[in-house]
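Here's the structure, in structure tokens; my notes come after.
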Amino acid sequence: MQGTPGGGTHPGPSPMDRRTLLVFSFILAAALGQMNFTGDQVLRVLAKDEKQLSLLRDLEGLKPQKVDFWRGPARPSLPVDMRVPFSELKDIKAYLESHGLAYSIMIKDIQVLLDEEREAMAK
Numbered sequence: 003m004q005g006t007p008g009g010g011t012h013p014g015p016s017p018m019d020r021r022t023l024l025v026f027s028f029i030l031a032a033a034l035g036q037m038n039f040t041g042d043q044v045l046r047v048l049a050k051d052e053k054q055l056s057l058l059r060d061l062e063g064l065k066p067q068k069v070d071f072w073r074g075p076a077r078p079s080l081p082v083d084m085r086v087p088f089s090e091l092k093d094i095k096a097y098l099e100s101h102g103l104a105y106s107i108m109i110k111d112i113q114v115l116l117d118e119e120r121e122a123m124a125k
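So for the sequence shown, my numbering puts the first residue at 3; every next one is plus one.
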């Protein structure tokens with residue numbers, strides 16, 4: 003919750019608003035830089051305890067950065083969303099599985115989603 007000038011609170015953006023903003027950001031980045039996200043996936047990971055959360059933070063601190071955290075590790079049981087480039091997908095999934103970190107695929111191919119959004123915006 004964020005404070006308002008009158009002292010009240012209002013919720014932050016809804017998950018759908020965040021997704022729309024992220025998609026728009028990627029479309030803009032792709033258009034400006036001709037970036038391609040073919041095969042990149044967005045994974046949602048749930049850490050069940052502090053140890054697993056620490057493992058996710060280790061991923062976050064890798065240099066060079068192997069994943070792009072959209073919602074970083076904050077505390078156990080809060081979802082962590084990350085974009086994983088296709089080139090890193092196999093290794094990142096193996097890392098998660100080897101440490102017992104449960105994950106689901108939120109977006110199977112970011113480029114497909116971007117292409118669909120770009121086409122819809124052109125109409």
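Cβ coordinates follow ideal geometry from the N, Cα and C atoms, glycine included. Quick caveat, the model's predicted, so the values are computed rather than measured.
- Query: In terms of residues, what are the limits of the beta strand (DSSP E) holding Leu45?
  - Reply: By one-based count along the sequence shown, residue 45 stands at place 43. Its beta strand (DSSP E) spans residues 43-48.
- Item | Nearest candidate by alpha-carbon position, reference Ala76, set Glu119, Ser56, Gly63 | As a first step, residue 76 is located in the sequence shown; it is residue number 74 there, counting from the start. Ranking Glu119, Ser56, Gly63 by Cα distance to Ala76 puts Ser56 first.
- Task: Taking all protein chains shown into account, decide if Ile109 is buried (16 or more other Cβ within 10 angstroms of its Cβ) or exposed.
- Result: On the sequence shown, residue 109 is found 107 positions in, with the first residue counted as 1. Classification of Ile109: buried, given that the 10 Å Cβ count is 16 or more.
- Which value, in whole angstroms, describes the spacing of the CA atoms of Leu48 and His101? Numbered from 1 along the sequence shown, position 46 holds the residue referred to as residue 48. Numbered from 1 along the sequence shown, position 99 holds the residue referred to as residue 101. Taking the straight line from one Cα to the other gives about 12 angstroms.
- Message: Can you tell me whether Ile112 is buried or exposed? The criterion is at least 16 other CB atoms within 10 Å of its CB, across all chains shown.
- Response: For the purposes of this step, residue 112 is taken as residue 110 along the sequence shown, with counting starting at 1. It is buried - the Cβ of Ile112 has at least 16 other Cβ atoms within 10 Å.
- Item | At least 3 beta-carbon pairs within less than 8 angstroms: the segment 85-103 vs the segment 56-75 | yes
- Excluding the five sequence neighbours on either side, which residues of its own chain have a C-beta within less than 6 angstroms of the C-beta of Gln54, listed in chain order? Walking along the sequence shown from the start, residue 54 turns up at place 52. Once the five neighbours on either side are set aside, the close Cβ partners of Gln54 are Leu103.
- Consult DSSP for Phe71 and reduce its assignment to one of helix, strand or coil. For the purposes of this step, residue 71 is taken as the residue at position 69 of the sequence shown. Residue state, collapsed to three classes: strand.
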